[in-house]
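Chains A and B, in that order, give the protein sequences. Under my numbering, read the first sequence as residues 55 to 221, first letter to last. Under my numbering, read the second sequence as residues 207 to 796, first letter to last. Beta carbons: idealized from backbone N, C-alpha and C, even for Gly.
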Amino acid sequence: MEDEAFTDISGKPISLDCQSHSSFCREFIISSPKVSMGKVMVYTCSVWLLAYAVFFFTQNTAVLSGAILVTLVGMMLHIHFVKVDHESLLVIGSLGIQVSSSYASGREITTFIEMSKIKDIVINEAIYMHQIIYYLCVLLKDPSEPDAVSSVVPLFQVRMSISQEPV
Amino acid sequence: MVLKIFFPQCCNRAESGLLVGRWISGHDSAVVLAVIHYPFIPGQVKQYIQQMQAQSGVELTVLGSWSLPKEGQESMESFLRDLSTIFPQQRWLQVSRQMGKMGFICEVVNRNQTALAPPILLTKKQNEEEEEKVIFVHYEQRKVMLSQLHPTESGDPDPNTEPSSELKQVFQTVARSQPLFFLDRYDDGPLKSTHWQSEGREASIIVELLKQASVPLCMLISWLLALWTWISVSSVSCRIFSLYPLRFLSSKLSTCVQISYRTEHMRTLSSPKPAAGHKQFMRKGNILVSFLVDVGLGILLMSWLYRDDHIATLANMLMPAADHVAKELEELLQWLMGAPAGLKMNRALDQVLGRFFLYHIHLWISYIHLMSPFIEGILWYGGLSVCLGLTFALSLLSDMVALLTFHIYCFYVYGARLYCLKIYGLSSLWRLFRGKKWNVLRQRVDSCSYDVDQLFIGTLLFTILLFLLPTTALYYLVFTLLRLVVVLFQGILHLSVDFINSFPLFAMGLRIFRPYRLAEGVKFQVLCDEPGTALHLLMEINPLKCSTVVQTYRTPTYSCYPRDSWAALVKKLFVGELIYPWRHKSTKAD
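See the structure below:
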């Protein structure tokens with residue numbers, strides 16, 4: 055619904071989408087840009103040119119097939135484990151919070167945190183290289199000890215921060 | 207507060223009736239377990255619910271009414287409201303659904319409030335509560351019933367205390383209400399109910415047969431175990447004079463350790479009582495499956511060994527291999543006796559040590575040649591024991607390697623002792639050189655005045671030992687390296703045995719084929735809702751990660767792990783102490 059121009063800490067553009075399913079149930083989805091074909095072509099061509107140059111000197115065909123294999127496997131691993139397509143935060147009143155990230159290959163990782171385990175949701179700041187970034191995180195507590203914070207869970211793991219004014 | 211109703215998916219199309227379930231205390235939620243259809247007699251319903259409560263231990267109540275009017279049936283609004291008077295409850299839920307529409311409509315009728323609050327405020331509150339703030343969470347009943355939420359509580363928790371987590375209570379409620387699911391609407395009883403069984407699910411006849419056969423099998427195994435313990439005990443008692451060496455030997459040989467470990471497992475498996483609790487069940491399953499896989503692999507290996515005369519080829523290979531090793535060792539010693547790597551050795555000591563070790567090798571080879579006609583027979587009968595499992599084959603191999611390289615072990619001990627003596631002598635004489643002495647009482651170095659002749663002899667001995675040091679050090683180095691190679695090989699074998707013993711195959715199989723049985727948590731999905739109806743969520747089970755499965759369900763073994771850290775090991779090597787790098791973790795005091 056609100057689509058201002060947000061960027062993440064590396065400068066890539068991301069978009070934020072808020073849906074309100076009910077008065078106590080809301081979903082926030084942050085999507086990052088898809089894999090660009092230009093980059094894929096550049097990487098593949100450079101790897102293959104290098105392999106061809108090595109083949110030219112050594113005359114060993116195993117280098118070529120090795121390069122093809124490396125490119126394919128590298129691409130598959132990248133879209134399955136590294137490239138995040140979108141992350142979503144579903145807040146259900148009096149039930150809990152669900153955080154899910156889905157990767158470019160379709161794999162989804164979901165975690166649900168119950169209301170009894172949540173102490174608070176805060177914006178925390180951290181020093182990352184030369185800048186200070188602000189990230190949203192959930193403070194968890196053990197239900198038997200309501201005063202102690204047992205762990206801090208950052209939301210939106212793919213280091214996204216909104217560099218302009220958030221909604 | 208938002209009211210959460212956990213509604214089973216199998217009841218989405220059930221005919222109108224009464225909702226039976228449980229209110230979860232502490233959280234504002236209710237779990238619907240089944241729907242009892244019209245017509246019914248209220249007295250019989252109450253009796254049935256009390257009976258189910260006694261059998262299952264779950265506090266069942268009638269939660270409210272469910273209406274799904276068929277075409278042509280007029281709505282039974284007034285009839286449904288009258289039902290709430292027959293079953294007096296704190297809160298009465300009236301859930302209704304129209305055919306063709308997805309959303310449910312829920313009205314909550316609160317009793318006992320009319321007397322307390324003033325009427326104006328009351329109507330406003332009731333309107334608000336009736337309009338929104340109800341969540342329907344749809345769950346798949348059979349999967350939730352069979353699933354186990356992790357992390358499970360360790361030990362035996364008191365069944366009366368409720369866990370504070372709402373989801374855990376929901377899972378426990380459904381799991382414990384198994385007696386409620388025995389009768390459904392196709393049975394000829396006074397009450398017809400709908401739950402997951404009404405969807406019609408076939409049970410596997412093989413599983414049922416296995417369950418029936420398991421009790422006599424357990425009795426057979428426990429009888430065999432009793433026989434085995436009687437044999438081993440009686441054989442030990444009749445050789446009571448050699449009790450100590452036998453015990454020592456059996457604790458060193460990995461085959462004996464493996465046998466005792468498997469006997470423990472058989473004892474766990476052979477108890478005819480069903481497993482109490484989830485952890486015991488998984489433990490039994492893991493032990494059984496890994497034992498069967500082990501035996502299967504062993505039989506495969508055995509069939510390979512006995513086919514095509516492989517045993518004869520192995521036996522024929524063994525003799526030349528032992529000869530080859532002996533020849534290599536002899537060549538090594540000849541090299542050491544010359545000028546190894548350009549170093550100049552002390553000739554006399556070199557010759558003595560070299561000749562001593564050469565004679566040792568000669569003795570060893572003669573004994574091996576003496577045994578050579580029996581090798582094939584031994585291998586043949588030893589190969590029969592491989593049918594007990596692949597772990598036995600690996601332990602046997604490790605023991606055989608230990609026996610065959612016994613001479614390397616002896617050389618290492620001789621070299622290490624000599625070197626150790628030399629180092630201690632050198633350090634003590636070095637202290638004399640500087641005019642100091644080791645005080646045994648105070649465990650420290652003190653200064654001491656020596657006589658001239660003491661100093662003279664001490665300096666002489668020190669010089670001799672110092673110049674003999676390179677020779678001894680070289681022999682020690684060579685034999686320590688050989689010993690470390692053998693230890694490494696044995697270590698690899700032990701690690702693989704440990705891996706086969708401890709890997710939870712049953713848990714992994716369950717995670718791959720029935721991922722809903724081992725749950726790490728749940729995940730929610732918002733179902734498309736229509737305006738004016740309550741919010742509908744679908745609750746699915748989030749299965750455990752594979753790494754967590756392995757970590758949680760590893761069978762504890764007598765695993766061998768390094769005794770010393772790297773620094774301590776290097777220090778021991780430097781000083782010349784004998785090293786035993788692997789230490790067996792004993793599970794009970796031997």
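Counting only beta-carbon atoms, is residue i nearer than 8 Å to chain A?
i, result
"B:T320", "Residue placement at B:T320 is poorly supported in this model, since its pLDDT is 37, which falls under 50; the coordinates still yield a value, given next. No, B:T320 lies away from the interface with chain A (no Cβ there is under 8 Å from its Cβ)."
"B:S371", "yes"
"B:N316", "no"
"B:V237", "no"
"B:F310", "no"
"B:I341", "yes"
"B:K307", "no"
"B:K777", "no"
"B:V380", "no"
"B:V755", "no"
"B:K210", "yes"
"B:M207", "yes"
"B:N707", "no"
"B:N645", "no"
"B:N492", "no"
Let me check understanding here. Comparing Cα to Cα, which of the options lies closest to residue i?
i, options, result
"B:Q384", "B:S634, B:E726, B:V264, B:N316", "B:V264"
"B:H700", "B:L459, B:L431, B:V315", "B:L459"
"B:S753", "B:L289, B:M714, B:L741, B:Q731", "B:M714"
"A:S86", "A:I167, A:A158, A:E162, A:L143", "A:A158"
"B:Y620", "B:L784, B:I255, B:R473, B:V315", "B:L784"
"B:M308", "B:L775, B:C734, B:S771, B:F668", "B:C734"
"B:H797", "B:A528, B:Y615, B:V658", "In the structure displayed, chain B extends from 207 to 796; residue 797 of chain B sits before or after that span and is not available."
"B:R228", "B:K210, B:N492, B:A220, B:Q215", "B:K210"
"B:K398", "B:T665, B:V238, B:G223", "B:G223"
"B:D234", "A:S170, A:V207, A:Y188", "A:S170"
"B:V651", "B:G249, B:S634, B:E221", "B:S634"
"B:D704", "B:H613, B:V238, B:V463", "B:V463"
"A:D196", "A:Y188, A:L149, A:I167", "A:I167"
"B:G595", "B:S572, B:T469, B:V413, B:Y615", "B:T469"
In chain A, what lies closer than 7 Å to residue i by C-beta?
i, result
"B:K349", "In chain order: nothing, as chain A lies at least about 16 Å away."
"B:V499", "What B:V499 touches in chain A: nothing, since even the nearest Cβ is about 30 Å away."
"B:L741", "H75, S76, C79"
Which residues share a DSSP beta bridge with residue i?
i, result
"B:I341", "B:K210, B:L741"
"A:L70", "A:I84"
"B:T400", "B:V241"
"A:L143", "A:F82, A:V153"
"A:T165", "A:V153"
"B:E221", "DSSP, once it has assigned bridges, lists no residue as partnering B:E221."
"B:K729", "B:E746"
"B:R650", "B:N645"
"B:E582", "Answer is none; B:E582 lacks a bridge partner."
"A:I172", "A:L194"
"B:W434", "In DSSP, B:W434 forms no bridge with anything."
"B:R297", "B:N316"
"A:F60", "A:I68"
"B:G270", "B:L225, B:L299"
Can you find a C-beta in chain B that's less than 8 Å from the C-beta of residue i?
i, result
"A:G147", "yes"
"A:F78", "yes"
"A:S204", "no"
"A:R213", "Interpretation of A:R213 is limited by its pLDDT of 49, a score under 50 that renders its predicted location unreliable; no figure is taken from the coordinates."
"A:E168", "yes"
"A:T164", "yes"
"A:P197", "yes"
"A:T61", "no"
Using a Cβ-Cβ cut-off of 8 Å, state whether residue i counts as contacting chain D.
i, result
"B:D735", "Here the protein chains are A and B, and chain D is not one of them."
Going along chain A in order, which residues have a C-beta closer than 9 Å to the C-beta of residue i?
i, result
"B:F730", "L144, I146, L149, G150, Q152, T164, F166"
"B:K398", "The contacting residues do not exist; B:K398 stays about 33 Å from chain A at best."
"B:G727", "T164, T165, F166, I167, E168"
"B:N522", "Simply none; closest approach about 39 Å."
At a CB-CB cut-off below 8 Å, which residues of chain A make contact with residue i?
i, result
"B:K458", "Result: empty, since nearest Cβ-Cβ is about 46 Å, beyond 8 Å."
Quick one, which residues of the stretch 119-143 of chain A are near chain B if we go by CB-CB under 9 Å, in chain order? none
May I ask you to list, following chain order, the residues of the stretch 63-95 of chain A that have a beta carbon less than 9 Å from some beta carbon of chain B? Q73, H75, S76, S77, F78, C79, E81
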